[in-house]
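Undergrad:
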Amino acid sequence: METTLDVRGVTRRYGTREVLKGITFAAQKGEIIALLGRNGTGKSTLMNTITGYLCQSSGDISICGYDVLIQPLEARRRAGYLPEQPPLYLDMKVIEYLRFLYELKKVKKNPNIKQTQQEYLEQIMELVKIKEVSDRVIRNLSKGYRQRVGLAQALVGDPQLLILDEPTVGLDPAQIIEIRQLIRQLAKTRTVLLSSHILSEVQAVCDRIIILHQGHIVADASQEELTGQMGGQMQLQLEVEGNSKTVLETLRKIGGIAEAHRQEEKQYLLHLEEGCKSEAVRREIFKAFSRLFERDGSCLLLSMQEKGRTLEEVFMQLTAQDALASE
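Adding 3 to a residue's 1-based position in the sequence shown gives its number in this note's numbering.
#1: Rounded to whole angstroms, what is the Cα-Cα separation between L101 and Q156?
#2: Locate the alpha helix (DSSP H) running through Q188, then write down its first and last residues.
#3: Measure the C-alpha to C-alpha separation of E135 and E227 and round it to an integer number of angstroms.
#4: Please report the residue range of the alpha helix (DSSP H) in which S47 lies.
#5: Whole angstroms is fine: what's the gap from F289's alpha carbon to L304's?
#6: With T171 and E204 assumed to form a contact (beta carbons below 8 Å), what rounded beta-carbon distance in angstroms separates them?
#7: Pick from C58, L91, Y271, D168: whose alpha carbon is nearest that of N143?
#8: What's the gap between the Cα of A30 and the Cα of L154?
#9: Less than 7 Å separating the beta-carbons of V331 and S137?
#10: How would you call A177, buried or exposed, if buried means at least 16 neighbouring beta carbons within 10 angstroms?
#11: Where DSSP assigns a beta bridge to L383, which residues make up the other side?
#12: Going by C-alpha to C-alpha distance, which of L321, K108, K146 sits closest to I212?
#13: How is the alpha helix (DSSP H) around K146 delimited, first residue to last?
#14: Output needed for V140: all residues of its chain with C-beta closer than 6 Å, excluding positions within five of it in sequence on either side, in chain order.
#15: Rounded to the nearest angstrom, what separates T249 and E267 at their Cα positions?
#16: Considering only C-alpha positions, which residue in the set C279, V221, V284, Q238 is nearest to I257?
#17: State the Cα-Cα distance for the pair E21 and E277, rounded to the nearest angstrom.
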């Protein structure tokens, strides 16, 4: 796969305080990567270092093969950045602001595509759905539209790497869904690196998760790999209609089940023994309740699903160490 971003052994110091400590990872074209961490763990510092707003104290960063220190203009040309507070000129109209950025970034268009500046900017506005407000002053736009204008400015120049810091902060639920859909669409031809405190957003959008803690990367994997690798007991959630005593007695006779608890009416939570394959246990549960129901019509199994560890649980476990000391 084509590598868009390569970060190798990057450190960043503020005086004697080391905020980033040997950060190393690579990002491929088409990936949506979440950058997670508690406040003060270096997420924004890392993003600002990648985009060239800050210089790393040591290590190397390249964007599409261009070193951000040795070839800063070429590297920056291939990266678009949306900070948590979009860098907007509030007294400009949307189209005036985008024209200003077009000139500022010295956009180089594909010579094989005959397209005017206006047509190019209209294409971006159409993509982020702000064309209908192109002649409005940015100051008079809603929070949602301002966020979209911020995303449009990041897209001017067709960057291969898109860096988004809290892209949905302050948006209403409908706007959040729209921005998530747009991010997935943009990632088809780019690499997206985003920071978010909203774990449900990360689960909905991202292919891969990088967790920072105290300046180090403590995890770098897909959500499925993270929740699977962290261990802990596998759980099964059952919905069973019938006498609770009979249900629990039946479950406790099945091998592989370490504990069985009734949570509420019809709802039961099972903890499986470590190393036990849930498929085999699920098969035995189905057989046991099928026999009961066929015998006397009792204990009807309505649903059964695996319940692994959540991303929130994994995040808390990985970042819990010395959290109070850090704060």
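C-beta atoms are modelled at their ideal positions from N, C-alpha and C, and glycine is treated no differently. Every value quoted in this text rests on a predicted model; they were computed, and no experiment measured them.
TA: According to the structure shown:
#1: Sequence index remark: in the sequence shown, residue 101 carries index 98 (1-based). Sequence index remark: in the sequence shown, residue 156 carries index 153 (1-based). Straight-line Cα distance between these residues: approximately 6 Å.
#2: As a working mapping, residue 188 is identified with position 185 in the sequence shown. Taken as a continuous stretch (DSSP letters only), the alpha helix (DSSP H) holding Q188 covers 176-189.
#3: Here residue 135 is taken as the residue at index 132 of the sequence shown, counted from 1. Here residue 227 is taken as the residue at index 224 of the sequence shown, counted from 1. The straight-line gap from Cα to Cα measures roughly 40 Å.
#4: Position 44 of the sequence shown, counted from the first residue, corresponds to residue 47. Counting along the chain, the unbroken alpha helix (DSSP H) around S47 starts and ends at 46-53.
#5: By one-based count along the sequence shown, residue 289 stands at place 286. By one-based count along the sequence shown, residue 304 stands at place 301. For F289 and L304, the distance between alpha carbons rounds to 7 Å.
#6: Within the sequence shown, residue 171 is the residue found at index 168, counting from 1. Within the sequence shown, residue 204 is the residue found at index 201, counting from 1. The beta-carbon distance between T171 and E204, rounded to whole angstroms, is 6 Å. This is short enough to meet the 8 Å contact definition.
#7: By 1-based counting over the sequence shown, the position of residue 143 is 140. Checking every option, the nearest Cα to that of N143 belongs to L91.
#8: Position 27 of the sequence shown, counting from 1, holds the residue named residue 30. Position 151 of the sequence shown, counting from 1, holds the residue named residue 154. If you draw a straight line from the Cα of A30 to the Cα of L154, it comes to about 20 Å.
#9: What is shown of the chain runs 4 to 330, which leaves residue 331 out entirely.
#10: Looking up residue 177 in the sequence shown gives position 174. Residue environment for A177: exposed (fewer than 16 other C-beta atoms within 10 angstroms of its C-beta).
#11: This structure cannot settle anything about residue 383, because the visible part of the chain is limited to 4 through 330.
#12: The residue labelled residue 212 in the question sits at position 209 within the sequence shown. For I212, the nearest C-alpha among the options comes from L321.
#13: Taking the sequence shown and counting its residues from 1, the one referred to as residue 146 is at position 143. DSSP places K146 in the uninterrupted alpha helix (DSSP H) bounded by 146-158.
#14: Here residue 140 refers to the residue found at position 137 of the sequence shown. These residues qualify, in order along the chain: K96.
#15: Counted from its first residue, the sequence shown places residue 249 at position 246. Counted from its first residue, the sequence shown places residue 267 at position 264. Cα atoms of T249 and E267: separation of roughly 15 Å, rounded to the nearest angstrom.
#16: Numbered from its first residue, the sequence shown carries residue 257 at position 254. Ranking C279, V221, V284, Q238 by Cα distance to I257 puts V284 first.
#17: As a working note, residue 21 is residue 18 in the sequence shown. As a working note, residue 277 is residue 274 in the sequence shown. Each residue's Cα considered, the two are about 40 Å apart.
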